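Each remark here refers to the structure printed beneath this line.
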Amino acid sequence: MNPYDQLVAEAGGRPFAAIVGWPVEHSRSPALHGFWLRQHSIDGHYGRLPVEPKRQALEELVVFLKRTPNARGCNLTLPHKVEIIPLLDRIAPGAARIGAVNTIVKLADGSLEGRNTDGFGFLEALNYGAQTWRADAGPVVVLGAGGAARAIVAALMDAGVPELRLINRTQKAAIDLGIAFTPGDGRRIVVDRWDDRGGALDGTTLLVNTTSLGMKGQLPLDLDLTKLPHTAAVYDIVYVPLETNLLASARARGNRCIDGLGMLLHQGRPGFEAWFGAKVTVSAEQRRAVAADLGV
Ligand code: ATR
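For the working numbering, add 7 to where a residue sits in the sequence shown, where the first one is 1.
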């Protein structure tokens with residue numbers, strides 16, 4: 008059976024959404040949305056839809072979402088977050104600014120709107136995980152300048168961070184990102200060299216790892232934390248494993264730590280609310296369920 012027919016059969020006439028990617032088998036989105044569907048006794052479905060990285064395949068996806076009455080939208084993961092943009096009817100301003108869409112919502116008139124909820128998820132998990140952290144309290148450090156960093160840098164600058172120190176192995180990518188997201192009101196994005204990353208931690212209120220270093224199967228992040236204030240929060244968006252070497256070292260010296268699972272869960276909230284019409288929160292029980300599903 009083709010994946011579209013299979014998804015429609017699984018949904019059985021109920022409203023549905025899905026994670027769309029290539030590959031898509033590894034995604035934990037069905038576990039987190041499935042938890043909310045059960046928690047709220049909603050008669051809906053959240054499935055998986057493998058879609059090849061070809062324009063024609065994405066065009067088919069758009070046609071499918073529009074012509075299937077009970078399709079409410081979808082999430083997008085690699086490698087579709089950028090390529091989908093010209094095919095949608097409307098891009099929400101936040102997604103346009105980041106240049107990536109992770110959530111599609113079918114509006115009442117049947118048109119498709121692209122949104123990006125990664126920055127929202129990042130900030131919500133930060134607010135829950137480090138309740139005393141304040142955006143305007145001082146400089147923050149962000150490691151990495153890839154797709155995830157774009158949403159996170161935008162969110163932190165929007166939240167009012169006075170100085171963001173951006174550090175990436177390939178410095179050019181950090182410079183480009185810094186130019187794109189410097190607000191023009193005197194607050195700064197400062198690009199430091201990768202080799203100087205330990206020194207950049209001096210006086211910061213928050214350290215964020217958005218690189219893939221520390222992820223299962225990747226090299227660990229090699230970072231000297233000596234200069235990091237003990238009051239700083241340390242946030243690693245990696246979630247496999249939950250306790251990366253960065254978080255273990257930071258925790259051992261008394262820093263407040265936030266793992267990547269919270270961001271994964273919180274970024275799902277706006278999509279769920281738009282598709283299924285119920286407001287949802289992230290609970291310890293959901294965290295345990297999704298962590299178990301991840302095997303972490
Ligand atoms: P994502 O969408 O998850 O952000 P990405 O866009 O591929 O993924 O970005 C990966 C990030 O991890 C980049 O900042 C990358 O640095 P480069 O721009 O120099 O490639 C960073 N990264 C990956 N492997 C790295 C390594 N071995 N050392 C340092 N940084 C690394």
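Don't be surprised by glycine CBs; every beta carbon is placed ideally from N, CA and C.
All values derive from a computational prediction rather than experimental measurement.
Open item on the list: When you compare the CB positions of residue 243 and residue 216, do they come within less than 7 Å of one another, or not?
Closed with: Sequence index remark: in the sequence shown, residue 243 carries index 236 (1-based). Sequence index remark: in the sequence shown, residue 216 carries index 209 (1-based). Yes.
Open item on the list: Any heavy atom of the ligand ATR closer than 6 Å to the beta-carbon of residue 154?
Closed with: Numbered from 1 along the sequence shown, position 147 holds the residue referred to as residue 154. For residue 154, the CB falls within less than 6 Å of some heavy atom of the ligand ATR.
- [ ] Could you tell me which residues DSSP puts in a beta bridge with residue 171?
- [x] Indexing the sequence shown from 1 puts residue 171 at position 164. DSSP output for residue 171 lists 147 and 196 as bridge partner(s).
Task: Rounded C-alpha distance that separates residue 137 from residue 238 - done: Here residue 137 is taken as the residue at index 130 of the sequence shown, counted from 1. Here residue 238 is taken as the residue at index 231 of the sequence shown, counted from 1. If I take the Cα positions, the gap works out to 11 Å.
Task: Cα-Cα separation between residue 188 and residue 161, rounded to whole angstroms - done: As a first step, residue 188 must be located in the sequence shown, where it is residue number 181. As a first step, residue 161 must be located in the sequence shown, where it is residue number 154. The alpha-carbon of residue 188 is positioned some 6 Å away from that of residue 161.
TODO: Output yes or no for whether 7 Å exceeds the beta carbon distance between residue 247 and residue 287.
DONE: In the sequence shown, counting from the first residue as 1, residue 247 sits at position 240. In the sequence shown, counting from the first residue as 1, residue 287 sits at position 280. No, they are not a contact pair.
Task: Among 134, 119, 190 and 212, nearest to residue 144 - alpha-carbon criterion - done: Indexing the sequence shown from 1 puts residue 144 at position 137. Across the set 134, 119, 190 and 212, the C-alpha of 212 shows the shortest separation from the C-alpha of residue 144.
Open item on the list: Which complete beta strand (DSSP E) runs does the region 48-82 hold, if anything under 3 residues is left out?
Closed with: Fully enclosed beta strand (DSSP E) runs of 3 or longer: 52-57.
Task: For residue 25, three-class secondary structure by DSSP - done: Working through the sequence shown from its first residue, we reach residue 25 at position 18. Residue state, collapsed to three classes: strand.
Task: Cβ-heavy atom distance, residue 104 to the ligand ATR, below 6 Å - done: For the purposes of this step, residue 104 is taken as residue 97 along the sequence shown, with counting starting at 1. Because no heavy atom of the ligand ATR lies under 6 Å away, the Cβ of residue 104 does not count as near it: no.
Open item on the list: On the DSSP letters alone, give me the boundaries of the beta strand (DSSP E) that residue 215 sits inside.
Closed with: Numbered from its first residue, the sequence shown carries residue 215 at position 208. Where residue 215 is concerned, the enclosing beta strand (DSSP E) stretches over 213-216.
TODO: Please state whether DSSP places residue 179 in a helix, a strand or coil.
DONE: Within the sequence shown, the letter at position 172 stands for residue 179. Residue 179 carries a helical assignment under DSSP once its states are collapsed to helix, strand and coil.
- [ ] Label residue 87 either buried or exposed according to how many other C-beta atoms from any shown protein chain fall within 10 Å of its C-beta, with 16 as the threshold for buried.
- [x] Here residue 87 corresponds to residue number 80 of the sequence shown, with the count starting at 1. Looking at its Cβ environment, which holds 16 or more other Cβ atoms inside 10 Å, residue 87 is buried.
TODO: Work out the CA separation of residue 116 and residue 223 for me, nearest whole Å.
DONE: The residue you call residue 223 lines up with position 216 of the sequence shown. The residue you call residue 116 lines up with position 109 of the sequence shown. Between the C-alpha atoms of residue 223 and residue 116 there is a straight-line separation of about 43 Å.
Task: Which residues DSSP lists as bridging residue 305, in chain order - done: For the chain, the structure presents residues 8 to 303; residue 305 sits outside this window and is missing.
TODO: Could you spell out the range, first to last residue, of the beta strand (DSSP E) harbouring residue 1?
DONE: In the structure as shown, the chain starts at 8 and stops at 303, and residue 1 therefore has no counterpart that could be examined.
Open item on the list: Our contact map puts residue 101 next to residue 281 with C-beta atoms below 8 Å; I'd like the distance itself, whole angstroms only.
Closed with: Indexing the sequence shown from 1 puts residue 101 at position 94. Indexing the sequence shown from 1 puts residue 281 at position 274. About 14 Å separates the two Cβ atoms, so there is no contact after all.
Open item on the list: Given the structure, does residue 175 come close to the ligand ATR, in the sense that its CB is under 6 Å from one of the ligand's heavy atoms?
Closed with: Here residue 175 is taken as the residue at index 168 of the sequence shown, counted from 1. It does: the Cβ of residue 175 is within 6 Å (strictly closer) of some heavy atom of the ligand ATR.
Open item on the list: One question on the structure: do residue 2 and residue 21 come within less than 7 Å of each other, judged by their Cβ atoms?
Closed with: Because the chain here runs from 8 to 303, residue 2 falls outside it and cannot be looked at.
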